[in-house]
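S.K.:
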Amino acid sequence: MTEQNTHATRAGVVTAALPIADRGVSYRFYQDVLGWDAPGPPAEDGVPEPLEFAVNAGLRVMLVPTGGFGWVIGDHEVAEPGRSECVFTLARPTDAEVDALIERARAHGARVIVEPSRLPWGYTGTFADPDGHLWSLLTAP
Numbered sequence: 001m002t003e004q005n006t007h008a009t010r011a012g013v014v015t016a017a018l019p020i021a022d023r024g025v026s027y028r029f030y031q032d033v034l035g036w037d038a039p040g041p042p043a044e045d046g047v048p049e050p051l052e053f054a055v056n057a058g059l060r061v062m063l064v065p066t067g068g069f070g071w072v073i074g075d076h077e078v079a080e081p082g083r084s085e086c087v088f089t090l091a092r093p094t095d096a097e098v099d100a101l102i103e104r105a106r107a108h109g110a111r112v113i114v115e116p117s118r119l120p121w122g123y124t125g126t127f128a129d130p131d132g133h134l135w136s137l138l139t140a141p
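Under UniProt numbering, the letters of the sequence shown match residues 1 to 141, in that order.
1. Quick check on this structure: which residue in G58, T89 and A38 has the alpha carbon closest to the alpha carbon of V64?
2. Suppose the cutoff is 8 Å on Cβ atoms and the five residues either side in sequence are ignored; what does the same chain contact list for P130 look like?
3. When DSSP builds the beta bridges, which residues end up paired with T124?
4. With DSSP run on the structure shown, which of helix, strand or coil describes V33?
5. Are the stretch 92-112 and the stretch 38-54 touching, with three or more C-beta to C-beta distances below 8 Å?
6. May I ask you to verify whether the stretch 78-88 touches the stretch 31-50, counting CB pairs closer than 8 Å and requiring at least 3?
7. With which residues is D110 paired in a DSSP beta bridge?
8. If you drop the 5 nearest sequence neighbours on each side, which residues of the same chain put their C-beta closer than 8 Å to that of R60?
9. Measure the alpha-carbon distance for W135 versus T89 and round it to whole angstroms.
10. Ordered along the chain, which non-local residues of its own chain (more than five positions away) have a Cβ less than 6 Å from that of P116?
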């Protein structure tokens, strides 16, 4: 695979690009809270480049510094920090894992938006990462 062909160009793979304020803070947050790793070679700041996590075979999450996000979105305005236009949902196998991930996120500075609770569609809790992107954790009913 060539250098230019290492992320979003893989057929059948969806890459969600999220603007971030600080590569190091975001990298450590996603690594420590969700256990994700970015396999790219380290850049000058010691953080992998591209800063992209393989969530599964069909989904990648790429974290892009706000200053460079224009390369991704052109002249579309970047949302203000803390304003999220979508919620990412991660299915978890047990209620206990939802609880543990919410607590781990909180311990790493996340703002818990919705405390874990049982709702008609399952056991769920939601947190905002350091840049305000919303992550919902869910087990099916």
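Where is the CB? At the ideal position from N, CA and C, for every residue including glycine.
M.R.: The short version:
1. Taking the sequence shown and counting its residues from 1, the one referred to as residue 64 is at position 64. Closest by alpha carbon: A38.
2. Position 130 of the sequence shown, counted from the first residue, corresponds to residue 130. Contacts found: I20, A21, D22, V25, S26, F29, G109 and A110.
3. Residue numbering aside, residue 124 sits at position 124 when the sequence shown is read from its first letter. Answer is S117 and L138, bridged to T124.
4. Within the sequence shown, residue 33 is the residue found at index 33, counting from 1. V33: helix per DSSP, three-state reduction.
5. no
6. no
7. Taking the first residue of the sequence shown as 1, we reach residue 110 at position 110. Sequence check: residue 110 is Ala here, not Asp. A110 pairs with nothing; no bridge assigned.
8. Residue numbering aside, residue 60 sits at position 60 when the sequence shown is read from its first letter. The answer, listed in chain order, is H7, A8, V13, V14, T15, A16, E52, F53 and A54.
9. By one-based count along the sequence shown, residue 135 stands at place 135. By one-based count along the sequence shown, residue 89 stands at place 89. Approximately 6 Å between the Cα atoms of the pair.
10. Stepping through the sequence shown from its first residue, residue 116 is reached at position 116. If we look at P116 and ignore the five residues flanking it on each side, its Cβ neighbours are V98, D99, I102 and G125.
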